[in-house]
Structure formats: C-alpha cells, structure tokens
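Number of protein chains: 2
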Amino acid sequence: MSSQRDFHDIDERKKLILRAVTDEYISTAEPVGSRSIARRYNLGISPATIRNEMADLEEAGYLEQPHTSSGRIPSDKGYRFYVDVMLEPKEPSRSLKQRILREFIQRQGEIEALIQHTAKILATLTNQAALVISPSFQESTIQHIRLLPLDEMRLLVVLVTDPGFVNTRIVELSRGISGGDIERISGYLNGRLKGLTIRDLRATLVNEIQSELSRYRSLAEEATSLLVQALDDTGPERIYREGTVNMLGQPEFQDVKKVKGLLEVLEEDGLMFEALSGTPPGRGTEVVIGHENRHAGLYPCSIVSASYEIKGRVSGAIGIIGPTRMDYSRIVALVKYVSECLSEFLSEA
Amino acid sequence: MSSQRDFHDIDERKKLILRAVTDEYISTAEPVGSRSIARRYNLGISPATIRNEMADLEEAGYLEQPHTSSGRIPSDKGYRFYVDVMLEPKEPSRSLKQRILREFIQRQGEIEALIQHTAKILATLTNQAALVISPSFQESTIQHIRLLPLDEMRLLVVLVTDPGFVNTRIVELSRGISGGDIERISGYLNGRLKGLTIRDLRATLVNEIQSELSRYRSLAEEATSLLVQALDDTGPERIYREGTVNMLGQPEFQDVKKVKGLLEVLEEDGLMFEALSGTPPGRGTEVVIGHENRHAGLYPCSIVSASYEIKGRVSGAIGIIGPTRMDYSRIVALVKYVSECLSEFLSEA
DNA sequence: ATTAGCACTCATCTATTGAGAGTGCTAACG
DNA sequence: CGTTAGCACTCTCAATAGATGAGTGCTAAT
Chain W
29 MSSQRDFHDI DERKKLILRA VTDEYISTAE PVGSRSIARR YNLGISPATI
79 RNEMADLEEA GYLEQPHTSS GRIPSDKGYR FYVDVMLEPK EPSRSLKQRI
129 LREFIQRQGE IEALIQHTAK ILATLTNQAA LVISPSFQES TIQHIRLLPL
179 DEMRLLVVLV TDPGFVNTRI VELSRGISGG DIERISGYLN GRLKGLTIRD
229 LRATLVNEIQ SELSRYRSLA EEATSLLVQA LDDTGPERIY REGTVNMLGQ
279 PEFQDVKKVK GLLEVLEEDG LMFEALSGTP PGRGTEVVIG HENRHAGLYP
329 CSIVSASYEI KGRVSGAIGI IGPTRMDYSR IVALVKYVSE CLSEFLSEA
Chain D
29 MSSQRDFHDI DERKKLILRA VTDEYISTAE PVGSRSIARR YNLGISPATI
79 RNEMADLEEA GYLEQPHTSS GRIPSDKGYR FYVDVMLEPK EPSRSLKQRI
129 LREFIQRQGE IEALIQHTAK ILATLTNQAA LVISPSFQES TIQHIRLLPL
179 DEMRLLVVLV TDPGFVNTRI VELSRGISGG DIERISGYLN GRLKGLTIRD
229 LRATLVNEIQ SELSRYRSLA EEATSLLVQA LDDTGPERIY REGTVNMLGQ
279 PEFQDVKKVK GLLEVLEEDG LMFEALSGTP PGRGTEVVIG HENRHAGLYP
329 CSIVSASYEI KGRVSGAIGI IGPTRMDYSR IVALVKYVSE CLSEFLSEA
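So the sequence lines, in the order shown, correspond to chains W and D. Read in order, the letters of the first sequence are residues 29 to 377 in our numbering. Read in order, the letters of the second sequence are residues 29 to 377 in our numbering.
Below you can see the structure in the form of structure tokens.
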C-alpha cells in the first residue's frame, strides 16, 4: 500500500511550508518559489528562511525541482504527506449538496441511468475524469428467477436482483423440456433462491440444488448447467466513464504522448477495475498518488475513490482520476459525499 | 450531402497527378512536391510540368499548399474527387477475410458481445477509431412479450425481439392487477404483436390495442400505458466505440487542442448517431470528408460507414473515423466487408 | 536561528542565420 | 504550343546567441 511512514523528519514549520507550496501549486500549476510563499502566506519568516526549509524538504524527498533554480513542486511523497497528515476535507457547500441531491432525485428508479448519471455529476463537478463501477452482480440478492420458453430448444432465464437489476440470458437446451417441467423447476428455484446473493449461490448451492433436483432426474443436469450458464459471466458489472476529455484541459496534459498513455489505460475496463479495487469497504476514501499506481500511464495521476453500499453491503465503487496536482480536500470530500448519496438512493429503491 | 460536381475541370493527366499526390500524401503524411512525384511515379513528364499541373489543380481547389512553397496536399474537394471518381476498393486479402470470419465465429450467439467485438475488429485492423451502432430496437420484430408480476405494484415487462435482443422494463402500476388478468393481457399481447416491428407498433397499433382491450375496461388504460412506458425509451440502441486513442498516434493529432475538440465530439453519443445517420441503406458505403461533417471537431476527419441488415431489414451501422488522410481504398473495402459479415451473422442467429 | 545581499543558474523569449525543399516564372527547345 | 531547364525567390525548420527574469544557494551580518 501507500508508503505509510512516520514522517518524523518534518517539524511544524516545515509542515506549514509544505502545505503552502502544495496549496499554491495545486491552484497555479506553476513551480512555486520562496518569494511568492513569503508574500502570499503570512508565515512571519523571510524568503531566505523559506528557501532553507525548502532545500531541506527537497532533500527529504517531499519537494522536487523541475530544473535547478526554478520553484519547487510537491513530489508524490509530498502529496502523500499532504493527504495523510494535513488534509482537511472541504465539506461541499449546502447549495452544492442540494444540487447533487436534486440530480439524484431526477434519475431515481432506473438504476442504470442513475449510475451513469452519477459519473456525469462527478465529472462535471470536479472537471476531471470520473469512474463508477455498477453494483456488483455477485453481491446482489436474488428476488425472482423465471424461466420463459422461447421455442423448443431455447429458454430465457430472467433474474431480478435486489438493487433493481434485471439480468436476462438466453440458454440453449440440449433437448426439449416440457412446459410443466419448466414451471416446476422455475417454481422450485424461485422459492429456494430468493434472498440469496449470487456469490452464495455460486459458492455453495449449485451442488446442493443439483442433488435436490435429482428427483427430476434427467432434468437435473439440464437445469443446473442452465443456472451455471446464466450466472457464468460477470453479469452487468459495468464500468461507467465520464469526462475523460476534461483532463486534456489540464496543463499537465499538453503533451500528446502523455495523453495517449493515459487514455490507453483509461479505456481498458480491466485496468480500471483494478485501479478501483483498493477502495476501502467502509465510508472512507482511498487516495492513490502518482507512482503508487500500477500502470505507467497513471503515474502523472491520482485517484480518489470510495465504495458505496446497498443496504449495508458493499456493491461498487466510484472514483475520480485527475493529475496528481488536484484539489484533494475538495475532491475527497465530494467523492465521499456522492458515495453516501448513492448508497442511500440505491438502498431505498 | 457531398458536393457532387461534374469535375469537368480535370483532364486525364491532372487526374493521374492528383491521384499520385493523394496516394503519396496518404502514405507519408508529408506535403508532396513535384520532384518526388516525378521520381516515384513514372508519368513520363518532368517536375516542371507537374508543377504547372499542380498549380492548376490548386487553383481549381483540389490541392492546397500549407505554406507558400512547400509541397501540396489534397483538399477536402481533392479527397472527394479521389473517393468519388478514382477509388478502387482494395479487396481484403483472402487471409484477412478468414481472420475476420474467425473472429466473428468466436463471438457468435451473444449479440451484444458480437457487436462490441465488431468494433474492436474494425479498430484493430484500421488502427483508427471504430463505431458500431447496435441493431435498431425500432426496427426489430417482436417475438415474445411477457409480463411478470414482481410484487403487488410492479410488473416486469420482458420483450424478446428478433435479432436476439432481450429488453426488460420495470413498470410501476397505479393499482394492483390480479394474476389472471395479467395472464390474459400477456397472452393477448403475445398473440397480437408477434412479428411486428416496434416501429409499427408505436406508429399505429397502440390505439387499436387500447380499444380492443377495452373489454377489460379498467385494465385497458393500465395495459397501454404500460406498453407505452415499456417502449418509450430508445431501447438498447447503443453505440460502441473502440480505438479512439488510436488516432492520437496519427501525425495530424499531435496538437492537444485538436485532440480535445475531436474527443469531445466522439464521446457524445448523440453526435455520433448523427454522424452515422447518412449511411445509405443498401450494401454501399458512405464517405464523409473533412468539412462535410457537421461538427467542427470532425473537420480534420473523414468517416467511412456502412449499414448492416438483419434478414434484409436495415438495423444499424458501422463506421470508421480517421484523419481525412486515410487509406480510403483499403478502409472502404474493409468496412463494406465487415458490414456484410455482420449482416450475415446476425441474420442466421 | 534568521535574514539580507549577491552571484549564479537555467528556462524562456526573440532575433538571426543557414540550409533545404519546393515553387513560380521565364526563356529555350522540339 | 506544350514541355522543359534553369534560376531566383519564399518559407519552414533547426540551430545559435543574447537578453530577461525568476529563483536559488551561499555567505556574512544581525
């Protein structure tokens, strides 16, 4: 995980200066010099002193100099310290909260649209790239299972799960099944499985069901293989992206090569799942900074993520990707708030 | 539409030269001069003569000069001529065709995966951005309609249509309906609607059904509103993108501002539907060049598109977006071939 | 320990220059 | 009269040089 160190090499004044440099750089995107710090932040010390402290901070690895004798910018380690030690999440304003709530209320009901819109909200408010992983199919609980015969050899399996997901799957039969049998199997499965999660089902129950269904002998095999087929893909666990282009506005992405490297990673679903996989289950947020990322394309970026829950069960995650120079205090608070909203809206549906 | 002119201002030799310039520029991305044409193409005329012809071609608007005294590059009008008059589609090689077929066969069955994969194939083979519009819900024919009661107040409408689509929709009822009534309505709708397209249904039948169903009096209203609700969105008509990043490798997109403008357009579903809307219904391909596009972000781009059919009915479209300097002969042939494959695979399912 | 002062460094900007590619024009040629 | 050779001209691109300015590191004074 992130290099959790003691940061014992930093005293109170260094801390102030590091914060000033970081804040300044976050808002200007320009290397910051000792003079401007002395001017804008009333630390009661002269540029020269600040210079000395900055030299120490650089040696300790918290700051970097793009070139000799330009101002300093925070290193990944500097941001890590900023986030771990100094971060004071900037609670969204009352009016912003209301605006977010209103957006959510508009999209209530259609779960897919809600998720998609969540990504849009995040992207718009942060002006960065937003990701939302749709509720985990594995973790959703079964409400209904229905089998609809389409023709002699094909069956439509309809699976309705808790957070409002409807998952359908066409299954090819190896031989015909009578309508009566289908009714019976359907009824049995429905009664037996209601309220279980997909994960439970896959982990333990498939065998059990197979033996229970063996009364129907020849059908048992058919029915189970059918179930397995129906559950076999990852289901509707999709990843929603919004505002990836927003990043092209950022001064750190004026170089097409960097942009390309970044977008290549962003476009790959698997990598994005992975990137959000470290998200903590609780109501906290996770921040991954720069080179802590696995993929080189994300080295110039940080990811702020949080998970959301449906009725207390972790279901998916949301995240913001932006340059390491991002407004952590605002974004961390926003991601946290939006994840809470999403949990709430998904739970009450 | 494309400026269909007579191109009477071009004689045979000018044609040869225009083709040479265009071919050369397509493969090198550098403005091409009279000398290199004289060297590489054995036209039996000297650079000076070529210069004169090129000057004429420029005056007539087929060529452009990025700056005085650099080589010429084709203008949009030049490409238009090239595409309309001189294009000889470069039939994909036998081995390439086989490779494409193999890719299709692998993904058979799952319609969504097939569509998605089609985009991937196109993007990979052309190294440009590929779009595929999934089969039009409006044009698909109804195979089954089923109503499944979820609880007292909610009904799941399951609609299975011809090219293997399953569309579901949860409908909130304003009051309860008995199981018997649901059965009856379901049965009635199923018998009545099978084989119709959604478009037919929406256009003419809703009223008719309403009156027929009026035997069930109070239910009529309920049932129709339910149908209308179920059909109300555009359905699963989605747009699949692949390889948008490919374009960042092209020399014409080394400027981040251009890239941003382009990606902003590409990301917007509505605009992409619009961009593919001119696609001709038959088995031909449509080429939209540069400034013929509606949106400024696409001015540096051309779009090659073709529609595909399911059992003879136009269902969707596929397209390639790349810089105006693209290998039209290869790409036009490829798009045509892939659209034919897709039609075939979707029709036999 | 802090600060003022000063020399030094380095990126950025602007001009200048030279090279190279390619054109347009003119005059000669068949 | 169409074609071609020759030549001056234009314009981009890359390299160079000087000026500018922000910011540092160091030293000596407070």
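All C-beta atoms in this analysis are idealised placements derived from N, C-alpha and C, irrespective of residue type, glycine included. Keep in mind it's a predicted model, so treat the numbers as computed, not measured.
Return the Cβ separation of residue i and residue j in integer angstroms, given the expectation that the two are a contact with Cβ distance under 8 Å.
i         : j         : result
W:Glu-379 : W:Arg-41  : The structure shown does not extend to residue 379 of chain W, since chain W is modelled only from 29 to 377, so the question has no answer here.
D:Val-188 : D:Gln-171 : 5 Å
W:Tyr-110 : W:Thr-352 : Actually they do not touch by this definition, with Cβ atoms about 10 Å apart.
D:Thr-96  : D:Ser-168 : Their Cβ separation, rounded to whole angstroms, is 56 Å, which puts D:Thr-96 and D:Ser-168 out of contact at 8 Å.
D:Ala-345 : D:Leu-304 : 5 Å
W:Leu-91  : W:Ile-78  : In fact, because the Cβ distance is near 12 Å, the residues do not count as touching under 8 Å.
D:Leu-221 : D:Ile-173 : 6 Å
D:Leu-291 : D:Pro-163 : Their Cβ separation, rounded to whole angstroms, is 26 Å, which puts D:Leu-291 and D:Pro-163 out of contact at 8 Å.
W:Ser-74  : W:Ala-83  : Wrong, their Cβ atoms sit about 14 Å apart, outside the cutoff.
D:Ser-357 : D:Pro-120 : Rounded, the Cβ-Cβ distance is 11 Å, inconsistent with contact.
W:Val-199 : W:Leu-176 : Incorrect: roughly 11 Å between the Cβ atoms, too far for contact.
With distance defined between alpha-carbon atoms, name the residue in the options nearest to residue i.
i         : options                                    : result
D:Gly-347 : D:Phe-281, D:Ala-334, D:Arg-353, D:Thr-169 : D:Ala-334
D:Thr-154 : D:Cys-369, D:Ala-361, D:Val-284, D:Glu-58  : D:Ala-361
D:Lys-148 : D:Leu-326, D:Val-273, D:Ser-206            : D:Val-273
W:Asn-195 : W:Ile-213, W:Arg-266, W:Leu-91, W:Leu-142  : W:Arg-266
W:Leu-115 : W:Pro-279, W:Glu-314, W:Ala-76, W:Gly-207  : W:Glu-314
W:Lys-339 : W:Cys-329, W:Arg-100, W:Gly-310            : W:Gly-310
D:Gly-271 : D:Thr-146, D:Ala-158, D:Phe-132            : D:Ala-158
D:Pro-328 : D:Val-186, D:Lys-288, D:His-145            : D:Lys-288
W:Ser-367 : W:Tyr-336, W:Val-199, W:Ile-359            : W:Tyr-336
D:Glu-211 : D:Val-185, D:Asp-37, D:Val-342             : D:Val-185
W:Met-354 : W:Ile-133, W:Leu-217, W:Val-316, W:Gly-306 : W:Val-316
W:Tyr-268 : W:Gly-298, W:Arg-322, W:Gln-166            : W:Gly-298
D:Gly-99  : D:Lys-43, D:Pro-59, D:Ala-76, D:Ile-143    : D:Pro-59
W:Asp-112 : W:Lys-43, W:Tyr-216, W:Arg-227             : W:Lys-43
D:Phe-35  : D:Gly-277, D:Thr-307, D:Leu-71, D:Gly-89   : D:Gly-89
D:Asp-39  : D:Ile-359, D:Arg-341, D:Leu-85, D:Pro-279  : D:Leu-85
Taking all protein chains shown into account, decide if residue i is buried (16 or more other Cβ within 10 angstroms of its Cβ) or exposed.
i         : result
W:Ala-324 : exposed
D:Leu-124 : exposed
W:Ala-285 : The sequence given here has Lys at residue 285 of chain W, not Ala. Per the 10 Å Cβ criterion, exposed.
W:Asp-104 : buried
W:Met-275 : buried
W:Ala-151 : buried
W:Ile-331 : buried
W:Ser-371 : buried
W:Ile-45  : buried
D:Arg-130 : exposed
W:Ser-20  : With chain W covering only 29 through 377, there is no way to say anything about residue 20 of chain W.
W:Gln-32  : Here W:Gln-32 scores only 49 on pLDDT, less than 50, and its place in the model should not be relied on; the value that follows carries that caveat. The residue is exposed, with fewer than 16 neighbouring Cβ atoms inside 10 Å.
W:Ile-54  : buried
W:Gln-156 : buried
D:Gly-318 : buried
When DSSP labels each residue in this structure, what does residue i get in the three-state scheme?
i         : result
D:Ala-334 : strand
W:Phe-165 : coil
D:Ala-158 : strand
W:Thr-27  : As displayed, chain W neither begins before 29 nor continues past 377, which places residue 27 of chain W out of reach and without an answer.
W:Ser-98  : coil
D:Gly-217 : Checking the sequence shown, residue 217 of chain D turns out to be Leu, not Gly. Of the three classes helix, strand and coil, the one that applies to D:Leu-217 here is helix, per DSSP.
W:Leu-124 : helix
W:Thr-50  : helix
D:Glu-270 : strand
D:Arg-227 : helix
W:Pro-59  : coil
W:Phe-35  : coil
W:Thr-307 : coil
W:Ile-198 : strand
D:Gln-93  : coil
W:His-172 : strand
D:Ala-88  : coil
Exercise for the section: Note down, in chain order, all residues in the segment 281-299 of chain W with a beta-carbon under 8 Å from any beta-carbon belonging to chain D. Expected result: Per Cβ criterion, the list reads Phe-281, Gln-282, Asp-283, Val-284, Val-287, Lys-288, Leu-291, Glu-292, Glu-295.
Problem - Residues, ordered as in the chain, of the segment 167-179 of chain W that lie near chain D by beta-carbon distance below 8 Å - result: Listed by position, the residues of the segment 167-179 of chain W near chain D (Cβ gap below 8 Å) are Gln-171, His-172, Arg-174, Leu-176, Leu-178.
Exercise for the section: Check each residue of the segment 180-191 of chain D: if its Cβ is closer than 7 Å to any Cβ of chain W, include it; give the result in chain order. Expected result: Residues passing the 7 Å Cβ filter: Leu-184, Val-186, Val-188.
Practice task
Quick one: which residues of the segment 331-348 of chain D get their C-beta closer than 7 Å to a C-beta of chain W? List them in chain order.
Solution key: Answer in chain order: no residues at all.
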